[in-house]
Amino acid sequence: MVSFLTFRLHGTIPATTGRELKADLRLAQEAGTDHRRAQKQFFAKFDAVLDRAPTGPRYFENEKMAEVLAGEIMMLEETGFRVHGFAILPNHAHIVLELPDDSPLSFAKAADLLHLRTGTNCRRLVRPKLPPEAEFWQVGWFEVEVQSPAELTRLLAYVRGNSRQAGLPARFQEWPYVSE
94 MVSFLTFRLH
104 GTIPATTGRE
114 LKADLRLAQE
124 AGTDHRRAQK
134 QFFAKFDAVL
144 DRAPTGPRYF
154 ENEKMAEVLA
164 GEIMMLEETG
174 FRVHGFAILP
184 NHAHIVLELP
194 DDSPLSFAKA
204 ADLLHLRTGT
214 NCRRLVRPKL
224 PPEAEFWQVG
234 WFEVEVQSPA
244 ELTRLLAYVR
254 GNSRQAGLPA
264 RFQEWPYVSE
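Position in the sequence shown counted from 1, then plus 93, gives you this note's numbering.
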């Protein structure tokens, strides 16, 4: 099974915006919109808010912090996952992961590992700016199960082009935290 996951830093979407996005999703589902289509529409709006970065931390602008996350993403391969691609943006990350059908692990375990390990290691780098009780990652993540090879190709193209679509400077479009 292959999934597309998006993680974001805590506080990167204003609470009112988050409620509005969830309300839009509920309305679409209540109106009879196909569940998968409603999820994709929700994600497009959700990711657009993250790309605009209206509020919250932008810790991954710091290359040392981005390196920590990139290293932990690659470490997932040692736990049985296959990393098809990833992109680290200033306030969130996209990862396309494959988990073999016979694996005792889950995508939830991968997310928990990433949250725990990167949160701990990155906190050390931002210690003066982040009180010990403050959250690093937003609890949870966005996940879409990949349905076909064509969808996998589209998602990988999206991941590779996200920094350009977000209007980030050339350094984000060229830096090593977007996999090929």
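In this text, a Cβ means the ideal position worked out from N, Cα and C, and glycines have one as well.
Predicted model, so just to flag it, every value in this text is computed and none were measured.
Could you tell me which of the options sits nearest to residue i, measuring between CA atoms?
| i | options | result |
| --- | --- | --- |
| serine 256 | Thr109, His185, Ala116, Ala201 | His185 |
| threonine 99 | Leu198, Phe139, Ala121 | Phe139 |
| arginine 217 | Met168, Val161, Arg175, Gly125 | Val161 |
| glutamate 228 | Val95, Arg101, Leu206 | Arg101 |
| histidine 208 | Asp195, Leu245, Leu169, Ala243 | Leu169 |
| valine 189 | Glu238, Ala243, Gly149 | Glu238 |
| glutamate 165 | Cys215, Ala131, Asp194 | Cys215 |
| alanine 159 | Glu226, Val219, Arg247 | Val219 |
| glycine 111 | Phe136, Arg129, Met94, His128 | Phe136 |
| tyrosine 251 | Met94, Gly125, Arg129, Asp144 | Asp144 |
| alanine 259 | Asp195, Glu226, Ile181 | Ile181 |
| valine 142 | Pro107, Leu198, Thr246, Asp194 | Pro107 |
| methionine 167 | Arg210, Lys133, Pro242 | Arg210 |
| glutamate 236 | Asp127, Ala116, Gln132 | Gln132 |
| proline 147 | Pro183, Gln134, Gly125 | Pro183 |
| arginine 129 | Gln240, Ala116, Leu245, Val176 | Gln240 |
What does residue i pair with, by DSSP beta-bridge criteria?
| i | result |
| --- | --- |
| phenylalanine 136 | Answer by DSSP bridge pairing: none, since phenylalanine 136 is not bridged. |
| valine 95 | Glu191 |
| valine 237 | Phe97 |
| valine 176 | Leu190 |
| histidine 185 | Arg101 |
Tell me the residue span of the beta strand (DSSP E) that contains residue i.
| i | result |
| --- | --- |
| isoleucine 106 | Counting along the chain, isoleucine 106 falls outside any beta strand (DSSP E), and DSSP gives it neither H nor E. |
| glutamate 170 | From DSSP, glutamate 170 is part of no beta strand (DSSP E); its letter is neither H nor E. |
| arginine 253 | Looking at the DSSP string, arginine 253 is not in any beta strand (DSSP E); the run it does join, the alpha helix (DSSP H), is 242–258. |
Taking the CB atoms as reference points, tell me whether residue i and residue j lie closer together than 7 Å.
| i | j | result |
| --- | --- | --- |
| threonine 213 | glycine 149 | no |
| histidine 234 | histidine 103 | According to the sequence as given, residue 234 is tryptophan; it is not histidine. No, the Cβ-Cβ distance between tryptophan 234 and histidine 103 is not below 7 Å. |
| glycine 178 | leucine 249 | yes |
| valine 95 | glutamate 226 | no |
Closest Cβ-Cβ distance between residue i and chain D: below 7 Å?
| i | result |
| --- | --- |
| glutamate 156 | Protein chains in the displayed structure number just one, and chain D is not present. |
Quick one: give me the first and last residue of the alpha helix (DSSP H) that residue i is part of.
| i | result |
| --- | --- |
| leucine 218 | 200–219 |
State whether the stretch 115–124 contacts the stretch 143–157, with contact taken as three or more CB pairs (one from each stretch) at a distance under 8 Å.
no
For the structure I just gave you, are there three or more beta carbon pairs, one from the stretch 172–181 and one from the stretch 196–208, closer than 8 Å?
yes
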